[in-house]
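Counting in this note's numbering, the sequence shown runs from 994 upward without gaps.
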Amino acid sequence: MSGLADEIEAAEAHVAALKRCAAAAPCAEVGHDWVPLGGANAGCGPDCCCSIPVHECRRCGDCDYGDNDEAIEIIRACREDPDWDAVEPDDKPS
Ligand SMILES: [Zn+2]
Ligand SMILES: [Zn+2]
């Protein structure tokens, strides 16, 4: 009889599927568990050298590619910098 072996195989496949669900569910429910991966150029302007943090999810391995609140804040601060499009080396008050 191969019925029992088939049942074990089916049960193991089911457990594997459940484990995948359990691993992925927290990300869908409570968000990814981001860990710092490094930095990337913010790219907010042609001469921009802002660095934004990039994170990777510890659970599912997803990457935010710099799509996070910290990066938004860095880009916003860069745009609001009064020197943003007036970078004249001789223009500094001494
Ligand atoms: Zn995740
Ligand atoms: Zn910038």
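Ideal Cβ positions, reconstructed from N, Cα and C, are used throughout, including at glycine.
Minimum C-alpha distance to residue i - residue among the options
i	options	result
ALA1017	ASP1060, ILE1067, ASP1074 and CYS1053	CYS1053
PRO1110	PRO1039, ASP1040 and ASP1057	Within the shown structure, residues of the chain are numbered from 994 to 1087, placing residue 1110 beyond reach of any answer.
CYS1041	ASP1074, VAL1028 and VAL1023	ASP1074
GLY1031	ILE1065, SER1044, PRO1039 and ALA1004	SER1044
Residue j beta carbon less than 9 angstroms from that of residue i
i	j	result
GLU1063	ASP1055	no
ALA1035	ILE1068	yes
CYS1071	CYS1020	no
One or two residues paired with residue i in a DSSP bridge
i	result
VAL1028	GLU1049
ALA1033	ILE1045
CYS1056	GLU1049
Burial state of residue i, where buried means 16 or more other Cβ atoms lie within 10 Å
i	result
GLY1059	buried
CYS1014	exposed
Legend entry - Any residue whose CB is nearer than 6 angstroms to a heavy atom belonging to ligand 2, listed in chain order: ALA1035, CYS1037, GLY1038, CYS1041, CYS1043 and CYS1071
Legend entry - For review: beta carbons within less than 7 angstroms of any heavy atom in ligand 1: CYS1020, HIS1025, ASP1026, CYS1050, ARG1052, CYS1053 and ASP1055
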